[in-house]
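Residue numbers (our numbering), protein chains in the order written: chain A, 29 to 506; chain B, 29 to 506. Reviewing the structure listed below.
Encoded structure:
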């Protein structure tokens, strides 16, 4: 007994037919609708049902097999693979070639860079910063340069407690820990909570900088396939029961790299699972402020009634990366371990910067600047979406309506690593999906960040990408 | 067949006789002169040889037993213990009581604090700093606030290459990595080189912040007993053969907490051992600049012909802790792992601070400031030694002639934890030896840092410590 597929092949859809079949079945598997062990319809029957050539179905099944979603039993048919060990991400270090690409690396003046999710330096509030800095140096003097308490400068922790309230997060200053950027926050939480051999869940695709941290502590990483409204719930619960993770690292709003936002239902269900199966969630709210609609994105932490969520918020995106400051909201049970981990990591964050940020928040400059930044980034976002719709023909895109990144599905046959290399020669830099996920999803997607480029660069750069895609396509059909 | 002890009990020595016997035999064991399995002279013979009461020898042997240096075989005698598992430091986290003491914690205005090894804030070069900062903000503007390359701001790396030359260390800018303070340097090197289950050697006593890092990575920590001119060489080689460490964390100049400096012979021998037994040495040169004699302390790195030394130098002590900057000199073989570890740790250090430090070094201000600081600290050092000699009667001290700390042996029977609590009540804070070492050495020593206190505070504070010691002594004799 196979199962009936209720979907239609669209003749005018630009995805080739076999890719439509592949995508549809893939989503069913990842959503949990097709559990491990399910038998797929035979090639003969499916091709008849869908009115396509048998070769089309064969190609679709081949792709599913390559994704390790299904397997063939000789003489019996094709089955959904029970998913376990093969989910382990065993290569989570940075995929950048040494020397070629690292944070802070500049490709030069004449390069259009769609890889940086830091804001355009033209948007940095340098003047405000200098004013606040002068005030701090004058008023605080030498105290600003002593060691500061590892948990953070108390007036800043209080200011962040109030700031969190504006995002509907209720917490006390005791819950708040200052760290030197979100990456350090992840590292410190890993030190406080992750032991050798633990299973850690991450979204797939995800930010490789987090995976690197967990792997460095000897954890086993399980990638939970991400759909456009969050992980498939059945699949997620199945994986949780199987692996019993200690931690789930998630970016529920405007996820990196996909831009996807979890539905509120999925946010709440994830919290239920965390309680039921006793794991913590590390919420990296790296861009939650940046909603370009009237509706704000709600942090998972808002719904966290059982203290399951460790919350990280960076100021690299809404202020300046060079500030190197972020904060954690830490549930009581792991506070003292977190404090110890911070000391072992770098003793304390820069007191001078903490005092500057504190004044910056208290004087209302951060709020004003965030508003300004959102307006500026919304313009770039809209232009970017338009440029992609116009120039990347046959590609597709789920519009995130917020954040810093767009996750573009490439037209059939065009692979992200090839496109990356081609564009680089034309002085346009993109992030190939393989940086975030090594299966077919990564291979057929690119991440385009729009926050570090001007509107002119957006149109020029995306048209270059579009031309390269057309070139690759025409080479494929020859 | 025992062995003959060639030493004399000094009647006018303020240490009790049994403590003299204990100290002498302890040194012989730790120096390697008495290997594991050696039989000590019988109590009867030794008391006769030394012309002391048998009870005196019994007490000395009891202390050695408590230190786990010797053991008694029933009906046979006392033997030197083959030293292995019991050397593992299994409790390397911070011994501070939560909330009571952490980096940056201030005990209040009216407290004399001998625990901080950061310089007196009155010595911070705030005016110079502000001048350089203004220059950077004006000239570099927004670039100072972007992500910087993880390895560090190149002009700073070049400046540090030249700076290192002034300490006779030859290296290229490629060898230099900028990190956010020495603690982070230790953490990054641990990430790059330490695996779960590795044996790591540290000096005993040592800086607990380093032990915490290694333990957090699942390493087993072996404390190598430190003598006033470095580890006992025979003992060290024996331990190396037994445990095959991957890394030795060492502070060969003005060690923390003891202030001891390795002899040049021991520095060179340590390097030979590292080559012979294939381990790396992490040299934490936290205070090497601060020699108060005409002779500069030579970093181990100067003698490192086989690239066995990873060198860490902080600017917290000679500049300001609030700068949060240090640098590593990294042998080629572990460079790419170190770069990956830095990214996973916090992506990059503050670009603004790196630029400020860079200008500060290039303009010769650091050199000038270090000279000034040395002069100021030398005064405090000399006053501190005098105050201790005067007020801590029956204590003893090996004068380090440099650095930031004095390691004071307390008079017989006075324990460091008790003294710590007593002094705290009198608003004088000291570091009890048990923070650094949990055997009798820790119990009978205190660390006094003199860099964060004025000359007046030194005399006032040390006299309080002296009075408390006298009180404890008189309680003991009642």
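Backbone N, C-alpha and C fix where the C-beta goes; we use that ideal spot for every residue, glycine too.
Residue i (DSSP reduced to helix, strand or coil)
i	result
residue 387 of chain A	helix
residue 352 of chain A	coil
residue 194 of chain A	coil
residue 374 of chain A	helix
residue 480 of chain B	coil
residue 346 of chain B	coil
residue 261 of chain A	helix
residue 13 of chain B	This structure cannot speak to residue 13 of chain B, because chain B is shown only from 29 to 506.
residue 409 of chain B	helix
residue 179 of chain B	coil
residue 338 of chain B	strand
residue 400 of chain B	helix
residue 210 of chain A	helix
residue 124 of chain A	With a pLDDT of 37 at residue 124 of chain A, under the threshold of 50, the predicted position of this residue should be treated as unreliable, and no value is reported.
residue 55 of chain A	helix
residue 239 of chain B	helix
residue 475 of chain A	strand
C-beta neighbour in chain B for residue i, strict 8 Å
i	result
residue 114 of chain A	With a pLDDT of 43 at residue 114 of chain A, under the threshold of 50, the modelled position of that residue is not reliable, and the figure given next carries that caveat. By this cut-off, residue 114 of chain A is not an interface position.
residue 149 of chain A	yes
residue 284 of chain A	no
residue 247 of chain A	no
residue 174 of chain A	yes
residue 490 of chain A	no
residue 251 of chain A	no
residue 241 of chain A	yes
residue 387 of chain A	no
N- and C-terminal bounds of the alpha helix (DSSP H) containing residue i
i	result
residue 161 of chain B	154-168
residue 87 of chain B	82-94
residue 204 of chain A	That residue, residue 204 of chain A, is in no alpha helix (DSSP H); its beta strand (DSSP E) goes 204-207.
residue 432 of chain B	Element bounds for residue 432 of chain B: n/a, residue is neither H nor E.
residue 471 of chain B	468-471
Element boundaries [beta strand (DSSP E), containing residue i]
i	result
residue 308 of chain B	308-312
residue 254 of chain A	248-255
residue 278 of chain A	275-278
residue 292 of chain A	No beta strand (DSSP E) contains residue 292 of chain A, which is instead part of the alpha helix (DSSP H) from 292-304.
residue 228 of chain B	227-232
residue 105 of chain A	105-108
Given residue i as reference, the closest of the options once Cα atoms are compared
i	options	result
residue 234 of chain B	B/259, B/221, B/219 and B/267	B/259
residue 257 of chain A	A/144, A/248, A/283 and A/182	A/283
residue 357 of chain A	A/368, A/337, A/374 and A/373	A/337
residue 410 of chain B	B/321, B/464, B/443 and B/377	B/321
residue 218 of chain B	B/164, B/370, B/419 and B/431	B/370
residue 479 of chain B	B/144, B/61 and B/51	B/144
residue 425 of chain A	A/294, A/216, A/285 and A/187	A/285
residue 350 of chain A	B/165, B/402 and B/294	B/165
residue 439 of chain A	A/386, A/232 and A/471	A/471
residue 60 of chain B	B/462, B/265 and B/296	B/265
residue 432 of chain B	B/401, B/223 and B/249	B/401
8 Å Cβ cutoff, residue i in contact with chain A
i	result
residue 205 of chain B	no
residue 481 of chain B	no
residue 171 of chain B	yes
residue 121 of chain B	The predicted model places residue 121 of chain B with a pLDDT of 37, which falls under 50 and marks its position as unreliable; any figure quoted below should be read in that light. Yes, residue 121 of chain B lies at the interface with chain A (some Cβ there is under 8 Å from its Cβ).
residue 433 of chain B	no
residue 87 of chain B	no
residue 373 of chain B	yes
residue 266 of chain B	no
Under 8 Å between C-beta atoms of residue i and residue j
i	j	result
residue 263 of chain A	residue 273 of chain A	no
residue 97 of chain B	residue 109 of chain B	yes
residue 290 of chain B	residue 313 of chain B	no
residue 380 of chain A	residue 157 of chain A	no
residue 319 of chain A	residue 446 of chain A	no
residue 353 of chain B	residue 376 of chain B	no
residue 140 of chain B	residue 481 of chain B	yes
Test: residue i CB closer than 8 Å to a CB of chain D
i	result
residue 310 of chain A	Looking for chain D here will not work: the only protein chains present are A and B.
Cβ-heavy atom distance, residue i to the ligand SAH, below 7 Å
i	result
residue 146 of chain A	Of the ligands one can find in the structure shown there are none, so the ligand SAH has no counterpart to examine.
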